[in-house]
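**Student:** In my numbering, the protein residues as written are 7 to 187.
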Amino acid sequence: MSQNLKYKNILFLGDITGRAGRYVVRDLIQIIKNKNFNSDEILEFEVDFEAVEKIDFFAANCENASGGFGLTKKNYDDLCEYGLQALTGGNHIWDKSEIYNYIKEAENIICPINAPCELPGARVQYFCIDGYKLAILSVLGRTFMPPVNSFWEMLPQKIEEIIFMEKLLLRKFVLEDGQAI
7 MSQNLKYKNI LFLGDITGRA GRYVVRDLIQ IIKNKNFNSD EILEFEVDFE
57 AVEKIDFFAA NCENASGGFG LTKKNYDDLC EYGLQALTGG NHIWDKSEIY
107 NYIKEAENII CPINAPCELP GARVQYFCID GYKLAILSVL GRTFMPPVNS
157 FWEMLPQKIE EIIFMEKLLL RKFVLEDGQA I
């Protein structure tokens with residue numbers, strides 16, 4: 007990989023929950039893309055607009071985007087249309103049965119690497135940002151969660167594969183309250 011690697015700004019939004027969460031994502035991405043930073047009706051918190059102006063890639067955890075559990079096809083399509091380029095999942099990504107009909111073809115959904123292998127979906131997805139390669143993966147913690155494989159056993163191999171392919175790496179950890187990694 008080049009020694010002169012240019013930094014890329016990735017906005018990663020965590021846990022979109024239900025309709026309200028989807029609408030916040032829609033409005034926030036629209037504000038950022040249109041550089042309409044005077045929209046105080048939506049942004050009720052302090053934002054570093056200089057950094058926000060330079061967002062190169064939009065990603066979010068979407069495992070609870072449909073009614074608080076799972077991801078329907080319609081909500082998946084809407085989130086992509088709003089501008090999300092990568093959608094990560096955790097233990098709830100498979101909660102809506104219809105996901106089994108489209109997840110294998112969805113090139114921007116990332117499922118946890120340590121989820122049971124019989125569950126469908128890509129465990130690592132690769133993206134290109136202005137000529138730079140980006141790999142995104144997701145892992146599940148094990149405290150207060152349904153039993154899954156230890157991500158500590160799987161993560162080193164996945165990272166080696168990604169490094170071998172000369173990709174940048176964005177990791178997302180799905181952990182419950184108080185859990186350390």
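Virtual Cβ for every residue (Gly too), placed ideally from N, Cα, C.
1. Using 8 Å for Cβ pairs, my map puts residue 86 next to residue 107. What's the rounded Cβ distance?
2. Taking all protein chains shown into account, do 16 or more other C-beta atoms lie within 10 angstroms of the C-beta of residue 144, making it buried, or fewer, making it exposed?
3. For residue 26, which of helix, strand or coil comes out of DSSP?
4. Fully enclosed by the stretch 77-107, which alpha helix (DSSP H) runs are 4 residues long or longer?
5. Reducing DSSP to helix, strand and coil, say where residue 34 ends up.
6. Name, in chain order, the residues that DSSP records as bridge partners for residue 134.
7. Excluding sequence positions up to five away, which residues of its chain have a Cβ less than 6 Å from the Cβ of residue 39?
8. Quick one, are the C-beta atoms of residue 65 and residue 90 less than 8 Å apart?
**Tutor:** Taking the coordinates as given:
1. The residue labelled residue 86 in the question sits at position 80 within the sequence shown. The residue labelled residue 107 in the question sits at position 101 within the sequence shown. That belief does not hold up - the Cβ atoms of residue 86 and residue 107 are roughly 16 Å apart, past 8 Å.
2. Within the sequence shown, residue 144 is the residue found at index 138, counting from 1. Burial call: buried.
3. The residue labelled residue 26 in the question sits at position 20 within the sequence shown. Here residue 26 sits in helix by DSSP.
4. 79-88
5. As a first step, residue 34 must be located in the sequence shown, where it is residue number 28. Note: residue 34 maps to helix in three-state DSSP.
6. If you number the sequence shown from 1, residue 134 lands on position 128. 139.
7. Reading the sequence shown from its first residue, position 33 is the one you call residue 39. Excluding sequence neighbours, residue 39 sits near nothing in its chain.
8. Working through the sequence shown from its first residue, we reach residue 65 at position 59. Working through the sequence shown from its first residue, we reach residue 90 at position 84. In this structure, residue 90 lies closer than 8 Å to residue 65 by Cβ.
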